[in-house]
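Heads up, the thing below is written out as structure tokens.
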Amino acid sequence: MRTGELLIEEGLIKDEDIRMALEIQERHNREKIAPLIGGILCQWNMVTPFDLFYTLHKHGKLLRVGDILMRDGKVTASQLDEALSFQNETSKPFGEILVEKKFTAEPDLYHALARQGNIPFMTLNDFCYKEGDVNILSHFTGFDFVSEKKIIPLEYCYDTLTVAILKPHDMSELASLAFKSVMFRIKCVLIPKERHQALFNAFWDVKTVAFPVTGAESFSKKMPVIVIHDPDSEIVKIDAMYHRYTMMKTAPGQIENESNSLLFREFIRENHERIRNQFKCSQVSYQLEKKDEKVLIQAFPVTN
């Protein structure tokens with residue numbers, strides 16, 4: 009099955025989304041490197057890189073980094089074969105072998121990895137944690153998760169947690185975060201190995217400083233997660249909330265049907281209108297919390 013068909017089967021997109029992506033791809037066909045369907049879907053926010061990667065990985069359809077590099081003219085087929093033979097003998101990472109043997113440049117490798125995961129590649133040379141950042145970010149991931157998975161939280165802004173990863177396959181480790189009591193979207197950036205190690209060390213160095221820590225439960229009740237101004241024009245946000253809701257509510261792999269998704273949209277519309285009229289506000293914030301095997305939807309007026 010093709011990428012679009014798999015995403016439809018998983019209930020992540022609809023037929024019209026694929027038609028739109030194909031039209032966009034057709035307009036770019038004359039370019040030297042035409043965008044892939046998955047990349048287009050991510051670029052236009054029809055699907056998240058996390059969901060796309062998870063689906064392709066689940067069905068064994070992920071593009072290999074070597075194929076991406078060869079498609080871009082960065083390596084030859086014979087170089088890939090030689091690197092693969094060497095990997096079988098040494099068990100070294102494939103990309104590391106390509107760079108060591110000077111078959112490809114390190115920046116080209118990182119850009120290929122980023123394209124595999126449909127996520128941005130960033131050096132983050134100027135990034136540093138500010139006072140209190142680490143304790144706040146740890147409420148979303150936990151220190152054990154960072155230590156074990158080597159996935160580094162960088163920033164939480166509105167409803168999005170940004171994390172740094174070393175390779176696209178690290179995204180498969182993020183599924184467990186979706187089941188936390190706080191509902192949020194996850195954005196990944198790929199960073200170089202040296203910078204990843206430096207940020208990992210910095211995260212733990214800052215952790216040892218005694219900043220005030222707010223309890224995770226009270227923090228989640230204070231943090232607005234999804235802020236909606238106009239439900240009719242912010243369907244993407246509502247669908248993202250519904251997606252997280254079903255992930256917290258159902259067993260992994262289960263898919264809620266489309267009619268339930270439409271009912272959820274209508275519920276949010278009615279709830280939004282009621283709160284807006286009652287509190288004379290223009291925006292409403294929503295958050296999810298799993299409690300006693302139930303998923304609670306909490307809504308608060310945004311008055312400022």
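In terms of the numbering used here, the numbers along the sequence shown are unbroken and rise by one, the last being 312. Beta carbons: idealized from backbone N, C-alpha and C, even for Gly.
Worksheet entry | For F308, the first and last residue of its enclosing beta strand (DSSP E) | Counting along the chain, the beta strand (DSSP E) containing F308 begins and ends at K302 to V310.
Item to complete: Return the CA-CA distance between D178 and T311, expressed in angstroms with no decimal places.
Response: 39 Å
Worksheet item: In angstroms, rounded to a whole number, what distance separates the CA positions of K158 and I173?
Response: In a straight line, the C-alpha of K158 is about 7 Å away from that of I173.
Worksheet item: Does the beta-carbon distance from I45 to I32 come in below 7 Å?
Response: no
Item to complete: From the DSSP output, in three-state form, read off A172 for me.
Response: strand
Discussion item. With DSSP as the reference, identify every bridge partner of V358, one or two as the case may be.
Written reply: For the chain, the structure presents residues 9 to 312; residue 358 sits outside this window and is missing.
Worksheet item: Do you know offhand how far G223's Cα is from I144's?
Response: Summary for G223: the model assigns pLDDT 35, below 50, so the residue's position carries little reliability; its value from the coordinates is reported in the next sentence. G223 and I144: Cα-Cα distance of roughly 10 Å.
Worksheet item: For the alpha helix (DSSP H) that contains I45, what are its first and last residues?
Response: I45 to Q51
Item to complete: Kindly give me the distance between the Cβ atoms of I105 and F94, rounded to whole angstroms, as I take these residues to be in contact under 8 Å.
Response: With 8 Å as the limit, I105 and F94 qualify as a contact, their Cβ atoms being about 5 Å apart.
Fill in: Which residues DSSP lists as bridging L296, in chain order
I305
Discussion item. Classify V244: buried if its beta carbon has 16 or more other beta carbons within 10 angstroms, exposed otherwise.
Written reply: By the neighbour-count rule (16 or more Cβ atoms within 10 Å), V244 is not buried but exposed.
Discussion item. Going by beta-carbon coordinates alone, are F61 and G19 separated by less than 7 Å?
Written reply: no
Discussion item. Please classify K230 as buried or exposed, where buried requires at least 16 neighbouring CB atoms within 10 angstroms.
Written reply: Only weak support exists for where K230 lies, its pLDDT of 34 falling under 50; the value from the coordinates is given anyway. Exposed: under 16 other Cβ atoms inside 10 Å.
Discussion item. Need the endpoints of the alpha helix (DSSP H) that E18 sits in, please.
Written reply: Looking at the DSSP string, E18 is not in any alpha helix (DSSP H), and its letter there is neither H nor E.
Worksheet item: How would you label Q262, buried or exposed, when you count the other beta carbons within 10 angstroms and need 16 or more for buried?
Response: Confidence at Q262 is low in this model, with a pLDDT of 48, below 50, so its placement is unreliable and the value that follows should be read with caution. Exposed is the call here.
Discussion item. Among the candidates M9, L92 and R123, whose CA atom is the shortest distance from the CA of G68?
Written reply: Distances from the CA of G68 to each of M9, L92 and R123 were compared; the closest alpha carbon is that of M9.
Worksheet item: In terms of alpha-carbon separation, which member of R273, R252 and M256 lies closest to P239?
Response: R273
Discussion item. Measuring alpha carbon to alpha carbon, tell me which residue in C50, L182 and N209 is nearest G12.
Written reply: Considering only alpha carbons, the answer is C50.
Discussion item. On a Cα-Cα basis, can you pick out the residue from P309, I234, L304 and L207 that is closest to R193?
Written reply: I234
Fill in: Bounding residues of the beta strand (DSSP E) (the contiguous stretch that carries E57)
The amino acid at residue 57 is misidentified as Glu; the sequence shows Pro. Here P57 belongs to no beta strand (DSSP E); instead the alpha helix (DSSP H) covers P57 to K66.
Practice prompt. Please say whether L15 and T63 have beta carbons closer to each other than 7 Å?
Written response: yes
Worksheet item: DSSP beta-bridge partners for E163?
Response: T170
Worksheet item: Where in the region 81-138 do unbroken runs of the alpha helix (DSSP H), each at least 4 residues long, occur, reported from the N-terminal end onward?
Response: 85-98, 102-108 and 114-125
Worksheet item: Does the distance from the CB of V55 to the CB of I21 come in under 7 Å?
Response: yes
Discussion item. Output needed for D59: all residues of its chain with C-beta closer than 6 Å, excluding positions within five of it in sequence on either side, in chain order.
Written reply: L20
Discussion item. Rounded to the nearest angstrom, what separates D247 and K110 at their Cα positions?
Written reply: 45 Å
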